[in-house]
Structure formats: structure tokens, C-alpha cells
Amino acid sequence: MRLLLEVTRRIREILPSGMPLFVRLSATDWVEGGWDLKQSMILSCELKELGVDLIDVSTGGLVPHARIPVQTGYQVPFAAKIREEAGIRTGAVGMIKEAEYANQVITRGCADLVLIGREMLRDPYWSIHARCHLDEEPNWALPYGYAVKERRQGK
Ligand SMILES: Cc1cc2nc3c(=O)[nH]c(=O)nc-3n(C[C@H](O)[C@H](O)[C@H](O)COP(=O)(O)O)c2cc1C
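Residue numbers (the numbering used here): 12 to 166.
This is the structure:
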């Protein structure tokens, strides 16, 4: 904790005040006697005090033979608990692939945002496809918007 807190304090000092600071945590080692959620909540409270804006909540894959229940959203409960108990914004990550599920994580108050890893590597236009899937107008980047407009106009 001491190393992370010292690094965070220094980074917050040199970052412009309007620039958000995210910290990624491994919320648990998934082993008895290892780093756990309770300690992560204590750490998250201290990070909040130092001006951290969001905890990006992952979990550890460092300890050999740890039994990790890898499946859709398996780390989301950690993001939810830290958000609730430490009163800080969180990001949920891990096997989040479907637009509906990503949306639910946010609308149910489990996290303030979701972070998409491998699915975004498979489909770099994931966010555009997700918005279409949810019947929302995609947030086209300005140059892309010209292409969409022309298509709508049948050019
Ligand atoms: C190519 C690749 C590199 C990654 N590098 C890191 C890393 O350096 N640090 C880290 O905490 N997570 C790293 N991750 C994990 C991702 O940030 C993310 O947490 C993980 O892929 C789970 O999310 P996903 O299921 O949406 O991919 C990496 C993932 C991939 C696919």
C-alpha cells in the first residue's frame, strides 16, 4: 500500500487538477491469506483521499494454483463492493463482451464504466456496434461522421 500511495500522491501533485486519475487494482489474489477485498476497500478509501477519481477493478492472476472463477463479469462484484463501501467511482473489467450486459453493469450501479479488453481487440468498432445494438445513435468520430452522412444521403 505504501508504495502505491506514495506514487499516487506524487502523480496527483504533478497532474493538472482537471485530469482524472485512475488506479488499477487487483482486488483479490483469490487465495486464502493473500491480498483480499477487505484490504482493497481500505486502500481504495486512502486512494480516494489522495484525489484518485476512479478505481479500475481487476483481480490477481499472479499466484500459482489460485482458483479463479473466470466467466462473464466475474470481477464485477468487486467493482460494486468497492464503489459502495469506499464511495469512489469504479470501472468493471473482465470478460465483458455483450452490449446489454455492459449497459446493465452501469445502470444497476455496479460500476461507473466498463473497460473492454479482448473484445475490443476482436472488434475495434465495439462501441459503435454496441450503441447500434442498444438502438442508440453511435458517437461517430467527426471524420467518420462525414462517411455516415454521405451514406445516408445515398452517395
Ligand atoms: C494484450 C493484452 C495485454 C494486457 N496487459 C495488461 C497489463 O499490462 N496490465 C493489466 O493490468 N492488465 C492487462 N491486460 C488485461 C486487460 O486490461 C483486461 O483487464 C483483461 O483483458 C480482462 O478484460 P477483457 O476480458 O475485456 O479482455 C491485458 C490484456 C490483453 C489482452
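All residues carry an ideal CB built from backbone N, CA and C; glycine is no exception.
- Item | Boundaries (first-last residue) of the alpha helix (DSSP H) holding residue 90 | 87 to 97
- Item | residue 165: CB within 8 Å of a non-hydrogen atom of ligand 1 | no
- Coarse secondary structure for residue 28, derived from DSSP in three states: coil
- What three-state label does DSSP hand residue 71 in the structure shown? coil
- Task: Count the other C-beta atoms from every protein chain shown that fall within 10 angstroms of the C-beta of residue 25, then say buried if there are 16 or more, exposed otherwise.
- Result: exposed
- Task: Scan the region 111 to 145 and note each continuous alpha helix (DSSP H) run of 4 residues or more that stays entirely inside, going in chain order.
- Result: 129 to 133, 137 to 144
- Given 8 Å as the limit, is there contact between the region 37 to 50 and the region 68 to 75, that is, 3 or more CB pairs closer than that? yes
- Message: residue 67 and residue 18 - do their beta-carbons sit closer together than 9 Å?
- Response: no
- Task: Could you check if residue 82 is buried or exposed, using at least 16 other CB atoms within 10 Å of its CB as the buried criterion?
- Result: exposed
- Item | Candidates 109, 60, 30: closest to residue 16 by CA position | 60
- Got a sec: does ligand 1 put a non-hydrogen atom nearer than 8 Å to the Cβ of residue 69? yes
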